[in-house]
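Residue numbers (this note's numbering): 259 to 395.
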């Protein structure tokens with residue numbers, strides 16, 4: 259590396275912990291795949307395809323946190339907790355940018371869809387401090 263930047267990872271490939279997928283690559287791959295599926299589902303609806311792309315980019319945004327990176331490190335003993343939750347950060351980024359449909363998709367990508375009130379509570383929760391963790395938009 260030599261430049262002092264941390265490498266962030268999305269996950270390993272199957273059982274082989276020596277094969278880590280860089281998070282940046284994972285987010286771009288998921289975004290492209292989501293956009294492709296959206297175009298197939300609703301041909302000509304560019305807004306839908308762009309929303310799907312945005313959801314793909316944001317769905318694992320919270321994995322850019324040191325707490326999550328430690329959690330997925332096989333040498334670590336960190337357990338799942340509010341510190342390792344990752345969907346809330348991308349959902350909050352979308353929600354506070356008024357991309358509500360994207361916020362719903364990102365928030366529910368592991369846990370299922372919420373109603374609007376529960377989504378607003380989720381992204382604003384003091385448990386995660388998601389809005390404070392986001393850069394100014």
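Ideal Cβ positions, reconstructed from N, Cα and C, are used throughout, including at glycine. Since we're looking at a predicted model, the values are computed, not measured.
Would residue 336 pass as a contact of residue 347 if the rule is Cβ separation under 8 angstroms?
-> As a working mapping, residue 336 is identified with position 78 in the chain shown. As a working mapping, residue 347 is identified with position 89 in the chain shown. For residue 336 and residue 347, no; Cβs fall outside 8 angstroms.
Given 8 angstroms as the limit, is there contact between the region 318–328 and the region 290–309, that is, 3 or more CB pairs closer than that?
-> no
Cβ of residue 312 within 8 angstroms of Cβ of residue 357?
-> By one-based count along the chain shown, residue 312 stands at place 54. By one-based count along the chain shown, residue 357 stands at place 99. A contact, by the Cβ cut-off of 8 angstroms.
Beta-carbon contacts of residue 368 that lie in its chain and below 8 angstroms, excluding the five residues immediately before and after = What you label residue 368 is simply residue 110 of the chain shown in a count that begins at 1. The residues are 345.
Under 8 angstroms Cβ to Cβ from residue 395, same chain only, skipping five residues before and after it: list those, please.
-> Translated into the one-based positions of the chain shown, residue 395 becomes position 137. Reliability fails at residue 395, whose pLDDT of 48 lies under 50, so the model's placement of it is uncertain and no value is given.
Can you tell me which of the three DSSP states residue 276 falls into?
-> Taking the first residue of the chain shown as position 1, residue 276 is located at position 18. If DSSP states are grouped into helix, strand and coil, residue 276 belongs with the strands.
For the beta strand (DSSP E) that residue 342 lies in, which residues bound it at each end?
-> As a first step, residue 342 is located in the chain shown; it is residue number 84 there, counting from the start. Counting along the chain, residue 342 falls outside any beta strand (DSSP E), and DSSP gives it neither H nor E.
What is the rounded straight-line gap between the Cα of residue 338 and the Cα of residue 303?
-> Looking up residue 338 in the chain shown gives position 80. Looking up residue 303 in the chain shown gives position 45. Straight-line Cα distance between these residues: approximately 38 angstroms.
Which residues bound the beta strand (DSSP E) around residue 271?
-> Residue 271 sits at position 13 when you count from the first residue of the chain shown. Taken as a continuous stretch (DSSP letters only), the beta strand (DSSP E) holding residue 271 covers 267–271.
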